[in-house]
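Asker: Take a look at this one; I'll ask things after.
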Amino acid sequence: EAVDLAFRHATRTTDVLSSCDLTIRHGDRVLLQGPSGSGKSTLAALLTGMQTPRSGLLLARGLDMSCLGESGWRARVSASPQFHENHVLTESFAFNLLMSRSWPPRRKDLQDAREICIELGLGPLLERMPAGMFQMVGETGWQLSHGEKSRLFIARALLQNSDVVIMDESLAALDPENMAATLRCMRARAPSLIVIAHP
764 EAVDLAFRHA TRTTDVLSSC DLTIRHGDRV LLQGPSGSGK STLAALLTGM
814 QTPRSGLLLA RGLDMSCLGE SGWRARVSAS PQFHENHVLT ESFAFNLLMS
864 RSWPPRRKDL QDAREICIEL GLGPLLERMP AGMFQMVGET GWQLSHGEKS
914 RLFIARALLQ NSDVVIMDES LAALDPENMA ATLRCMRARA PSLIVIAHP
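Counting in my numbering, the sequence shown runs without a single skipped number right up to 962 at its last residue.
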């Protein structure tokens, strides 16, 4: 829940967000739509704890962010940021998916990751890569397409098992078929979902 949030960039003299209230309940699916520069991604950064509001409160189950601490808050809110703010590490595909979990992964974690990948339409990719989930990817590894990276980032956010999942322009690189599969997966997997998009 956001209560009376205000935020101003250091280089600005006016607030990007002012008197912003937002309540997300379990099971909600929310679409935030608006033109570039309207504060959508700023709100996402505030909700995930990547930015600090100038004033106002951020609450999860009635507890203020400052009480929960950074790690406690991020256990409740996860996000797939805009494409240019997300990264594929030069590591295994599985490591890139399961960054929020202990490593080496347990069998259950790998099973969860594989199931989500298949739901997102990444099954053919897993079959093509010689080492499957343990294929090295990134700059010096197997090269992923724009759409494959987008779905990797979405899977990464969903695998954090948080209360609220925020998708910031996460669907822009997907064709209609993959977008439909991805939306089905997100709706089924996220307890509460915020999707940020251009009109």
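Just so you know, even glycine gets a beta-carbon here, dropped at the ideal spot from N, CA and C. Just so we're clear, the structure is a prediction, and the values are computed from it rather than from any experiment.
Along the chain, where does the beta strand (DSSP E) containing Ser781 start, and where does it finish?
Answerer: 780 to 785
Asker: What are the start and end residues of the alpha helix (DSSP H) that includes Ala894?
Answerer: Here Ala894 belongs to no alpha helix (DSSP H), and DSSP marks it neither H nor E.
Asker: By how many angstroms is the C-alpha of Gly800 removed from the C-alpha of Ala808?
Answerer: 14 Å
Asker: Pair every Cβ in the segment 939 to 949 with every Cβ in the segment 861 to 872, then say whether three or more of these pairs are closer than 8 Å.
Answerer: no
Asker: If distances are taken between C-alpha atoms only, which option among Gly825, Ser829, Met892 comes closest to Thr815?
Answerer: Ser829
Asker: Please identify the residue among Ala936, Asp931, Glu940, Leu780 whose C-alpha is closest to the C-alpha of Leu956.
Answerer: Asp931
Asker: Just curious, the beta strand (DSSP E) that Arg792 is in, first and last residue?
Answerer: 792 to 796
Asker: Sorted by chain position, which residues of the same chain lie with C-beta nearer than 7 Å to Val851's C-beta, five sequence neighbours on each side aside?
Answerer: Asn859, Val900, Gly901, Leu907, Lys912, Leu915
Asker: Flag this pair as yes or no: are the beta carbons of Ala936 and Gly910 separated by less than 8 Å?
Answerer: yes
Asker: What span of residues does the beta strand (DSSP E) with Leu768 cover, start to end?
Answerer: 765 to 770
Asker: Per DSSP, Ala808 is paired with what?
Answerer: Its beta-bridge partners do not exist; DSSP assigns none.
Asker: State the DSSP-derived secondary structure class of Met899, mapped to helix, strand or coil.
Answerer: strand
Asker: Closest to Phe856 by C-alpha separation, out of Gln898, Glu833, Arg824, would be which residue?
Answerer: Gln898
Asker: Looking at the strands, I want to know which residues DSSP matches up with Trp905.
Answerer: Val900
Asker: Measuring only the C-alpha atoms, how far is Ser865 from Gly819?
Answerer: Approximately 34 Å between the Cα atoms of the pair.
Asker: Pairing CB atoms from the segment 920 to 934 with CB atoms from the segment 834 to 848, are three or more of them under 8 Å?
Answerer: Yes: at least three Cβ pairs fall under 8 Å.
Asker: What does the alpha-carbon distance come out to for the pair Leu739 and Asn849?
Answerer: Nothing can be reported for residue 739, as the shown portion of the chain is limited to 764 through 962.
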